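Asks: My structure is below; once you've seen it, I'll send some questions.
Number of protein chains: 2
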Amino acid sequence: MAKSAICIISGGMDSALAATIAKKEGYEIIGLHFNYHQRTQKKELEAFELICQDLDVAKKYVIDLDFFKQIGATALIGDEFDVPTDGLKPGVPITYVPFRNGIFLSIAAALAQKHKANAIYIGVVEEDSSGYPDCREHFIVAMQKAINLGLNENEVIIKTPLIHMKKSEIVKKALELGVCLEHTWSCYKNEEKACGLCDSCRLRLKGFKEAKAIDPITYESIPEDI
Amino acid sequence: MAKSAICIISGGMDSALAATIAKKEGYEIIGLHFNYHQRTQKKELEAFELICQDLDVAKKYVIDLDFFKQIGATALIGDEFDVPTDGLKPGVPITYVPFRNGIFLSIAAALAQKHKANAIYIGVVEEDSSGYPDCREHFIVAMQKAINLGLNENEVIIKTPLIHMKKSEIVKKALELGVCLEHTWSCYKNEEKACGLCDSCRLRLKGFKEAKAIDPITYESIPEDI
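Chains as they are written, first to last, in our numbering: chain A, 2 to 227; chain B, 2 to 227.
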């Protein structure tokens, strides 16, 4: 039986690359996607489906987490706050979703138990990112320890192949491995085209610029300082 | 502003006592209950509502986790496995729900972030229990560390006042603190009366017997060896 990995695939460039690396490392992929009332739920789900096709995944789970709406407290869900579009600022931005990766990894751990999978891939990026605390390596290491203490005779390693990459390195690696970047969606806003102005678009655009590569998706606008 | 605690209240005796202790320790209680397609979902929710009334909670959350059905892999959900009724055995029983407490605590952590609560109460019991790995102190300590690394400037302590108690001590403490035990539901089966035969009923009955106390709820049958 092939070794299998639970791959958390949001639909963005990072998770698409992380899953592609899992495949390259010989894992059979169990794709895991979350609908949590994020503004771009529909776009992200479409991207997930396309990425799963590209990677020929063995099995996939689309999990609805309606309760994120009950929690709120983030600009990515509901209308309480606007998505900032005026550039990256120091500190944790209002797009932080409380303990999102902790919840995602806990559910991935339960699926790992079910499928006797020994790896979970997640495309978190520590430095060249929005600075969410649940994307840092210290957090991932602590979560892995907790997961292994809470599971029943199933050892799991959380693989974070992008955690210390710069966005430009992610772009280069994705192009090198043939990730279909036109199938990915990174924008925080829910418009026809990617807005180009939210933190996520800015980070992606900066990555492509520094990698001297062309982003295959189209943008509503591109900031002058990128 | 009063200090507040997220109290995970399943509806059983243990979580009712844990929440009562939270109140005694001066916390304003934010009650948190999960519907996860467990066989006794309806009974547990009723118990939760009664316990919240008894404790005069400040706020309550009932969170639906439909995805537990997609995960399954436990006798507590669906019809894949029967609930064992032939007595407690060594090892982790089939009633173990993969990483349930990890998922519950992760969601509690997100709510703690939202409400700036600094404590989470959970009624886990380590020794005198079914031996679920996610009820052990090592797991809770690791999870607390992960939570504090993943949250944004909000320190949380996970309080487990029952973790080293015997079931008989839990019964005695609950009686001492005036917990309405007739409002709690522990049975794993979904019948009108508690079955008396599942592991959870057996542990509860044994606790009352050793505490030389009378359980105010009625049972379908009581095993001879208790």
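For each residue, glycine too, the CB sits at the ideal point set by N, CA and C. The structure displayed is predicted, hence computed values, not measured ones.
So L182/B is in the beta strand (DSSP E); what residue range does that whole segment cover?
Replies: Where L182/B is concerned, there is no enclosing beta strand (DSSP E), given that its DSSP letter is neither H nor E.
Asks: Under a CB-based cut-off of 9 Å, is D80/A close to chain B?
Replies: For D80/A, the answer is no, since every Cβ of chain B falls outside 9 Å of its Cβ.
Asks: With 16 other CB atoms within 10 Å as the buried threshold, where does V93/A fall?
Replies: When all chains shown are included, V93/A counts as exposed.
Asks: With burial defined as no fewer than 16 other Cβ atoms inside 10 Å of the residue's Cβ, what is the status of I162/A: buried or exposed?
Replies: Here the sequence assigns Pro to residue 162/A, which means Ile is not the residue at that position. With 16 or more Cβ atoms within 10 Å of its Cβ, P162/A is classed as buried.
Asks: Looking only at its chain, what residues have a beta carbon closer than 6 Å to the beta carbon of L66/B, apart from the 5 residues adjacent to it on each side?
Replies: Answer for L66/B: F35, Y37, listed in chain order.
Asks: What's the gap between the Cα of G197/B and the Cα of E183/B?
Replies: Straight-line Cα distance between these residues: approximately 15 Å.
Asks: Using a Cβ cut-off of 7 Å, which residues of the stretch 111 to 125 of chain A contact any Cβ in chain B, in chain order?
Replies: From the stretch 111 to 125 of chain A, only A111, L112, Q114, K115 have a Cβ closer than 7 Å to chain B.
Asks: Name the residues in the stretch 145 to 157 of chain A whose C-beta lies less than 7 Å from a C-beta of chain B; which are they?
Replies: Against chain B - using a Cβ distance shorter than 7 Å - the residues of the stretch 145 to 157 of chain A are K146, A147, I148, L150, G151, L152, N153.
Asks: Taking only beta-carbon atoms, is R137/B less than 9 Å away from chain A?
Replies: Chain A contact via Cβ: present.
Asks: On the CB-based measure, 16 or more other CB atoms within 10 Å of its CB, does Q39/B come out buried or exposed?
Replies: By the neighbour-count rule (16 or more Cβ atoms within 10 Å), Q39/B is buried.
Asks: Is G151/A helix, strand or coil when you go by DSSP?
Replies: Looking at G151/A - three-state DSSP - the assignment turns out to be helix.
Asks: What is the residue span of the alpha helix (DSSP H) that A118/B lies within?
Replies: Per DSSP, A118/B belongs to no alpha helix (DSSP H) and is neither H nor E.
Asks: Return yes when the Cβ of L150/B is within less than 9 Å of the Cβ of H165/A, no when it is not.
Replies: No, these two residues do not count as a Cβ contact at 9 Å.
Asks: Around the Cβ of L178/B, are there at least 16 other Cβ atoms within 10 angstroms (buried) or fewer (exposed)?
Replies: Answer is exposed; the Cβ neighbour count stays below 16.
Asks: What does the Cβ neighbour count give for D57/A, buried or exposed, with the cut at 16 atoms within 10 Å?
Replies: Classification for D57/A: exposed.
Asks: Is T86/B near the ligand MG, judged by its Cβ being under 8 Å from some heavy atom?
Replies: As for the ligand MG, it is missing from this structure, which has no ligand bound.
Asks: Could you have a look at D83/B and say whether DSSP puts it in helix, strand or coil?
Replies: Coil.
Asks: Looking at the secondary structure, which residues open and close the alpha helix (DSSP H) in which F69/A lies?
Replies: First-last of the alpha helix (DSSP H) with F69/A: 68 to 72.
Asks: Helix, strand or coil: how does DSSP classify S222/A here?
Replies: The answer is coil: DSSP assigns S222/A none of H, G, I, E or B.
Asks: Using 9 Å as the limit for Cβ to Cβ distance, is Y62/A near chain B?
Replies: Chain B, which has a Cβ nearer than 9 Å to the Cβ of Y62/A, makes this yes.
Asks: Listing by chain order, which chain B residues have their CB less than 7 Å from the CB of Q71/A?
Replies: Near Q71/A (Cβ distances below 7 Å), the residues of chain B are Y62, I64.
Asks: Should E81/B go down as buried or exposed, given a rule of 16 or more other Cβ atoms within 10 Å for buried?
Replies: By the 10 Å Cβ count, E81/B comes out exposed.
Asks: Please name the residues in the stretch 43 to 57 of chain A whose beta-carbon is closer than 8 Å to at least one beta-carbon of chain B, in chain order.
Replies: Within the stretch 43 to 57 of chain A, no residue has a Cβ that lies closer than 8 Å to any Cβ of chain B.
Asks: Could you tell me which of P85/A, P99/A, A59/A sits nearest to K70/A, measuring between CA atoms?
Replies: Of P85/A, P99/A, A59/A, the residue nearest in Cα terms is P99/A.
Asks: So what does DSSP say about I78/B, is it helix, strand or coil?
Replies: Note: I78/B maps to strand in three-state DSSP.
Asks: Measuring straight from C-alpha to C-alpha, what distance separates I9/A and Y62/A?
Replies: Taking the straight line joining both Cα atoms gives about 10 Å.
Asks: Given a cut-off of 9 Å, decide if Y122/B and A241/B are closer than it, judged by their beta-carbon atoms.
Replies: No answer is possible for residue 241/B: it lies beyond the span of chain B, which begins at 2 and ends at 227.
Asks: I'd like to check one pair, G12/A with T219/A: are the Cβ atoms closer than 9 Å?
Replies: Taking 9 Å as the Cβ cut-off, T219/A and G12/A do not qualify as a contacting pair.
Asks: Which class does E29/B belong to by DSSP, given the choice of helix, strand or coil?
Replies: In this structure, E29/B counts as strand in the three-state DSSP scheme.
Asks: Compile a chain-ordered list of the residues in the stretch 84 to 113 of chain B whose CB is closer than 7 Å to at least one CB of chain A.
Replies: Within the stretch 84 to 113 of chain B, the qualifying residues are V93, Y97, P99, F100, N102, G103, I104, S107, I108, A110, A111, L112.
Asks: Nearest-angstrom Cα distance between C202/B and K168/B?
Replies: Approximately 11 Å, taken between the alpha carbons.
Asks: Using the DSSP secondary-structure output, state which residues sit across from F35/B in a beta bridge.
Replies: Paired residue(s): I64/B.
Asks: Between E26/B and A59/B, how many whole angstroms is the CB-CB distance? I'm expecting something under 8 Å.
Replies: Not a contact, Cβ separation roughly 15 Å.
Asks: Label G124/A either buried or exposed according to how many other C-beta atoms from any shown protein chain fall within 10 Å of its C-beta, with 16 as the threshold for buried.
Replies: G124/A should be labelled buried.
Asks: Can you list, in chain order, the residues of its chain whose CB lies under 6 Å from that of L204/B, leaving out five sequence neighbours each side?
Replies: The answer, listed in chain order, is K168.
Asks: Could you check if A109/B is buried or exposed, using at least 16 other CB atoms within 10 Å of its CB as the buried criterion?
Replies: Under this definition A109/B is a buried residue.
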